[in-house]
Structures are given as structure tokens and as C-alpha cells.
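Engineer: Same order as they appear, the protein sequences are chains A and B.
Its first residue numbered 947, the first sequence is counted upward by one per residue in my numbering.
Its first residue numbered 76, the second sequence is counted upward by one per residue in my numbering.
From the three backbone atoms N, C-alpha and C, an ideal C-beta is built for every residue, glycine too.
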Amino acid sequence: MTTPTSPVFDELALVERARAGSSEAFASLIRQYEGKIFRLAMNITQNREDAEDVLQETFLSAYEHLDRFRGDSKFYTWIVRIGVNEALMKLRKRKQDKSVSLDQEIDTGEETMVREIAAWGENPEERYSREELGGILDKVVQSLPPSFRTVFVLRDIEELSTEETAEALNLSVPAVKSRLLRARLQLREKLTRFFKLKGDDTFAYL
Amino acid sequence: MLTCKQFIEELTDYLDESLSGESRAAIEKHISQCPNCWVVADTTRKTIRIYKGMEPYPIPQDLHDRLLAALERKKAAMRQTS
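1) Cβ closer than 9 Å: which chain B residues qualify as neighbours of residue 1105 of chain A?
2) Using a C-beta to C-beta distance shorter than 8 Å, which residues of chain B count as neighbours of residue 988 of chain A?
3) With a cut-off of 8 Å on the beta carbons, I'd call residue 1097 of chain A and residue 1136 of chain A a contact; round off their distance for me.
4) Among all the DSSP beta bridges, which residues are the ones paired with residue 1066 of chain A?
5) I believe residue 125 of chain B touches residue 1071 of chain A by the beta-carbon criterion, under 8 Å. Please report the beta-carbon distance rounded to the nearest angstrom.
6) Answer with yes or no whether the minimum CB distance from residue 77 of chain B to chain A is below 7 Å.
7) Excluding the 5 residues flanking residue 1082 of chain A on each side, which residues of the same chain have their C-beta closer than 7 Å to its C-beta?
8) Helix or strand or just coil, what does DSSP make of residue 137 of chain B?
9) Mind checking if residue 1051 of chain A is an interface residue toward chain B, Cβ cutoff 7 Å exclusive?
10) Just to confirm the assignment, what range does the alpha helix (DSSP H) spanning residue 79 of chain B have?
11) Ignore the nearest five residues each way along the sequence and tell me which others in residue 1110 of chain A's own chain have a CB closer than 7 Å to its CB.
12) Is any beta-carbon of chain B found at less than 7 Å from that of residue 1060 of chain A?
13) Does residue 142 of chain B have its Cβ less than 7 Å from a Cβ in chain A?
14) From which residue to which residue does the alpha helix (DSSP H) around residue 981 of chain A run?
15) Output, in chain order, the set of chain A residues within a Cβ distance shorter than 7 Å of residue 94 of chain B.
16) Ignore the nearest five residues each way along the sequence and tell me which others in residue 113 of chain B's own chain have a CB closer than 6 Å to its CB.
17) Measure the Cβ-Cβ separation of residue 963 of chain A and residue 971 of chain A and say whether it is below 7 Å.
18) Quick one: complete alpha helix (DSSP H) runs, 4+ long, within the region 89 to 137 of chain B?
19) For residue 1102 of chain A, which option in B:143, B:155, B:129 and B:138 has the closest C-alpha, if you only look at C-alpha atoms?
20) Return no unless some Cβ of chain B is closer than 7 Å to the Cβ of residue 1021 of chain A.
21) Counting pairs of beta carbons, one from the region 88 to 104 of chain B and one from the region 116 to 124 of chain B, are three or more of them closer than 8 Å?
Okay, structure coming up:
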């Protein structure tokens, strides 16, 4: 996993200082990770108001429970787990009436079918402005079912390992892998519309 | 020779580079002979790369300020109860 941090020992020193009551040290940790936590919250809840709440609750909860951070994982992995839990709680609350279960494995087999095959250019994203691209990527990821989306966000956007993702979501490693595969295939398929080479028609497959 | 279905099942481990040398070689052999699966592997790899390259959301200043203010309130409350 990569994080944009300085070496781990610096981070641990910051956590130690924050624990001892340094507001400045905890503010540094906030500055380091608030963008990522906010993105995670937006991706999971798909609602700005909820994401703002999740951001705040995540850091307040982290501050309150700093003594539980033992330093055997990265601080980012620890705080991401808090963020995921806060975001899933919001999502469940919002979806309560729609009876969406995140724990339910949707296994119709259809998600691993590949319907569209068309080659993309080397850097197909360069066809779009940064803003347009952001809009496309957000829209496409939001079209995934929550159980796939959450796994994809943790593995491929936040770059947690398979094991860390399984732990954060209380899933088995095979369940993470299976959802990740389906999420990636669905995204690939949906993005093909935007990224395929002009003139490369799709054809039937499998 | 792997079937296309077997290739799809192994795709995530292949792209994450967590396959053994033998399985990896079998996948590479398959995609060198099956243009459709080559496209699926290539476009899925690009999908992951493009999402990884996304920038974190910029945090509006007022949201950052509200977070710091909430933290100060939390600290005051924690001091009172301890």
C-alpha cells in the first residue's frame, strides 16, 4: 500500500505527540488524510452531506480512541477502517427502506460475463479534461452495487491490500477477491463506451 | 490451454501480480493466442490504473475549519469528563 506520507516513524511520532495532547500534531494528521477519507466517504455514501458527517465523525472517533492505535499497522489503514465503518453506517441508514444488504453476496454469475470487447488507446483518459474524466469515473463507480463498490474503492482507489480490505469489511479473502473481480469487469465494460478506440466495433464474446 | 472462463477467474490475481510463475505463464500464453482475452486484460489493467490516478477530493476550507472546531469541542468535552 502506498500513502503520500513521510516515513512511518515520523507518522508514529505525530501520533505520539497527538496522544500527549498536541493539537498541532493531530491537525497534521488531519491535513494528511482528510482528502482521502472524504473521497472514500463520497464514494461509499454517494451523498455530500453524509460524506461531510463521515469525515468529521471519523477524525473525532480517531482522536477519542488514539490509545487503541497500537502502531502495528499504518495510521492510514487504521483510520480508513474507522472511516469505512462510519460510511457504511450512513449508507445502511439511508438504504434501510430499500432493504439493501451489504453482506449479501449477489451471485448470479452474470457479473463475470464479458459482453463488450473493444480495444482502448494507450492513454484513453487523455481524451477528456480532468473535470470530465472525474465526472465519468465517479458516475461509473457509483453505478456499481454497494457491495462491489465498497470493495473496489478500498482495494483499487484507497489501495488497501486484499487482507486489509477483508478485515475492514468483515469479509473473507475469497469474497473480497470475487467482488473485486466483478467490480473491475463491470467498470471496464462501462468505461469501454468512453475509452474505446474510434472505429473499433464491439463484437460478441464467450 | 486455459479456457476463456478460466482466464477470467484468474484475472484479478494476474493483474495484482499474486499468481505463481506457472499460472502466470498459462495466462500469458492464453492472452497471446486469444485476442479477446488480451483486450479484456489490457482494458481492465487500464481501468485500475486510471482509478488509481484519481486525485483525492480537495477539501473546502470551511469543511476543514468545521472539522478543527468540532475537534476543539471534543477535546473540551473529554477534558471535562476525565
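Structural biologist: Looking at the atomic coordinates:
1) The residue you call residue 1105 of chain A lines up with position 159 of the first sequence. By Cβ distance, chain B contributes 127.
2) Taking the first sequence and counting its residues from 1, the one referred to as residue 988 of chain A is at position 42. Ordered by position in chain B, the residues that pass the 8 Å Cβ test against residue 988 of chain A are 132.
3) Locating residue 1097 of chain A in the first sequence gives position 151, counting from the first residue. Locating residue 1136 of chain A in the first sequence gives position 190, counting from the first residue. That pair is no contact at about 17 Å.
4) Here the question's residue 1066 of chain A lines up with position 120 in the first sequence. Residue 1066 of chain A pairs with A:1142.
5) Here residue 125 of chain B refers to the residue found at position 50 of the second sequence. Here residue 1071 of chain A refers to the residue found at position 125 of the first sequence. That belief holds up - the Cβ atoms of residue 125 of chain B and residue 1071 of chain A are roughly 5 Å apart, short of 8 Å.
6) Counted from its first residue, the second sequence places residue 77 of chain B at position 2. No, its Cβ sits nowhere closer than 7 Å to a Cβ of chain A.
7) As a first step, residue 1082 of chain A is located in the first sequence; it is residue number 136 there, counting from the start. So the qualifying residues of the chain are 1074 and 1140.
8) The count along the second sequence starts at 1 and reaches residue 137 of chain B at position 62. DSSP places residue 137 of chain B in helix when its eight states are reduced to three.
9) Position 105 of the first sequence, counting from 1, holds the residue named residue 1051 of chain A. The pLDDT assigned to residue 1051 of chain A is 46, lower than 50, so where the model puts this residue is not dependable, and the model offers no usable value.
10) Stepping through the second sequence from its first residue, residue 79 of chain B is reached at position 4. Here the alpha helix (DSSP H) through residue 79 of chain B covers 79 to 90.
11) Taking the first residue of the first sequence as position 1, residue 1110 of chain A is located at position 164. Only 1023 meet the Cβ criterion.
12) The count along the first sequence starts at 1 and reaches residue 1060 of chain A at position 114. It does; some Cβ of chain B falls within 7 Å.
13) Taking the first residue of the second sequence as 1, we reach residue 142 of chain B at position 67. Output row for residue 142 of chain B: interface = yes.
14) Against the first sequence, residue 981 of chain A aligns to sequence position 35. 969 to 991 is the span of the alpha helix (DSSP H), which, as asked, contains residue 981 of chain A.
15) As a working note, residue 94 of chain B is residue 19 in the second sequence. Those do not exist, as residue 94 of chain B stays about 12 Å from chain A at its closest Cβ, beyond 7 Å.
16) Counting from 1 along the second sequence, the entry for residue 113 of chain B is found at position 38. Same-chain partners within the cutoff: 106.
17) The residue you call residue 963 of chain A lines up with position 17 of the first sequence. The residue you call residue 971 of chain A lines up with position 25 of the first sequence. Contact flag set, yes.
18) 96 to 108 and 110 to 127
19) For the purposes of this step, residue 1102 of chain A is identified with residue 156 of the first sequence, where counting begins at 1. Here the closest residue by C-alpha is B:129.
20) Counted from its first residue, the first sequence places residue 1021 of chain A at position 75. For residue 1021 of chain A, the answer is no, since every Cβ of chain B falls outside 7 Å of its Cβ.
21) yes
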